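One structure below.
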Amino acid sequence: EIKCGDVVIIRYEGPTGGPGLPEMLTPTSAIMGAGLGDCVALLTDGRFSGGSHGFCIGHITPEAQVGGPIALVKNGDPIRIDARPDKRTIDLLISEEEWEARRKAWTPPPLRSTQGTLFKYIQCVATASEGCVTDEVGTASAAQIVEAAPKTPAVAELEAKIAELEAKLA
71 EIKCGDVVII RYEGPTGGPG LPEMLTPTSA IMGAGLGDCV ALLTDGRFSG
121 GSHGFCIGHI TPEAQVGGPI ALVKNGDPIR IDARPDKRTI DLLISEEEWE
171 ARRKAWTPPP LRSTQGTLFK YIQCVATASE GCVTDEVGTA SAAQIVEAAP
221 KTPAVAELEA KIAELEAKLA
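Per the numbering used here: the sequence shown = residues 71 to 240.
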């Protein structure tokens with residue numbers, strides 16, 4: 071149940087967690103449709119387009135999938151948001167001891183894609199603050215946290231055939 075004064079957190083929707091930084095129009099529409107757009111905030115490592123309305127903060131980095139602070143928030147945690155132009159802060163109001171305990175206990179959830187094109191994307195996508203570009207291989211942190219799924223025999227066979235053809239062309 072969501073009520074006035076709540077902060078809704080949607081995480082694991084960043085470039086590597088989503089993967090691909092999914093659009094958050096549906097949740098913002100639900101909040102607005104419930105008449106809570108003026109009194110409920112939505113924080114996410116996902117993205118917003120021009121169609122979203124209400125108190126929305128997106129593209130949070132570092133994203134949850136790579137251990138960003140948004141991954142450590144629990145239901146009921148007090149959160150203070152100061153959106154004044156000279157402040158622009160989001161504070162999780164828990165003790166340093168609790169913060170450290172959560173950080174030590176956190177482990178990344180399994181990636182939603184562990185093979186194929188989306189896994190390749192996860193391996194090379196930059197952060198949201200860097201534009202989610204894929205120009206440089208190895209910029210993503212999730213690839214360092216989670217390894218690829220084992221190759222199927224069909225994939226291994228195909229790779230061997232490609233290597234054989236490349237050797238003939240060289």
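Glycine included, every Cβ here is placed at the ideal spot set by N, Cα and C.
Keep in mind that this is a model prediction, so the values were computed, not measured.
Check Thr114 in the structure and name its three-state DSSP category.
-> strand
In angstroms with no decimal places, state the Cα-to-Cα distance between Gly137 and Gly120.
-> 28 angstroms
Is Leu163 near Pro179, with beta carbons less than 8 angstroms apart?
-> no
By Cβ distance, which residues of its chain are closer than 8 angstroms to Arg150, with the 5 residues on each side in sequence left out?
-> Thr159, Ile160, Asp161 and Leu163
Look at the alpha carbon of Gln135 and the alpha carbon of Thr86, and state the distance between them as a whole number of angstroms.
-> Their Cα atoms are separated by approximately 7 angstroms.
Specify, as a first and last residue, the run of the alpha helix (DSSP H) that Arg172 falls within.
-> Glu166 to Ala175
Of the residues Lys73, Lys238 and Thr184, which one's Cα is nearest the Cα of Cys109?
-> Lys73
Which class does Leu162 belong to by DSSP, given the choice of helix, strand or coil?
-> strand
Report all residues from its chain with a CB closer than 8 angstroms to the CB of Lys144; omit the five preceding and five following residues, and keep chain order.
-> Arg172
Using CA coordinates, which residue listed in Lys231, Leu112 and Val77 is at the minimum distance from Glu93?
-> Leu112
Pick out whichever of Pro132, Glu200 and Asp115 has its Cα sitting closest to the Cα of Cys126.
-> Asp115
In angstroms with no decimal places, state the Cα-to-Cα distance between Leu228 and Ala104.
-> 52 angstroms
DSSP-derived helix/strand/coil call for Ile192 = helix
For the alpha helix (DSSP H) that Ile101 lies in, which residues bound it at each end?
-> Following the DSSP letters along the chain, one finds Ile101 inside the alpha helix (DSSP H) bounded by residues Leu95 to Gly103.
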